[in-house]
Structure formats: C-alpha cells, structure tokens
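Residue numbers (the numbering used here): 399 to 476.
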Amino acid sequence: MGLALIAVALLIGLGALGTAIGFALLGGKLLEGSARQPELAPMLQGKMFLIAGLLDAVPMIGVGIAMYVLFVVVPGLA
C-alpha cells in the first residue's frame, strides 16, 4: 500500500516537474525565435500554443492514472 502511494506521488510530481521544464524551454525558444525574426512571431506563437496544449496533455494522463491507482487499486489492497 505504501509503495502505491509513493508511486502516485512520483507520478504526479515528476509529471509536473517535466511539464514545467518543457514550458520553460518552449517559452525560451519562442522568445529567442521572435527576437531573431520578429516577422515570424505570430506563426511561432500559434505553434507554441499548439505544442503547449500537447505538452500539457501528458501530465493530465499521468494524473488520471495516478487517481486510478489511488482510488481503485489502493483501496483494494487494504
């Protein structure tokens, strides 16, 4: 039971950490690209929002799996 709770904490925590690092890199590259070629800024921003949506979907799947483990698997172990 304790290992399942640690797994849930790691799944949510590392998913959030990975997403935060991904958003930081994505935002930095957007600013870098916009500074180099300002005329491409609207196109880059549109692509950035598309990738940000996809990047945000990965930890949401992880949260769903973690909630499944927490509320379905762990009560079954008790």
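All C-beta atoms in this analysis are idealised placements derived from N, C-alpha and C, irrespective of residue type, glycine included.
- Boundaries for MET399: no alpha helix (DSSP H) harbours it, and the DSSP string shows neither H nor E there.
- For LEU452, the enclosing alpha helix (DSSP H) stretches over residues 439-466.
- In this structure, LEU442 places its C-beta atom within 7 Å of the C-beta atom of LEU428.
- Cβ contact annotation for VAL471 (same chain, cutoff 8 Å, sequence separation greater than five): ALA402, in chain order.
- Rounded to whole angstroms, the separation of the alpha carbons of LYS445 and PRO473 is 42 Å.
- Burial state of VAL406 is buried, judged by a 10 Å Cβ sphere holding 16 or more other Cβ atoms.
- A distance below 7 Å separates the beta carbons of ILE410 and VAL461.
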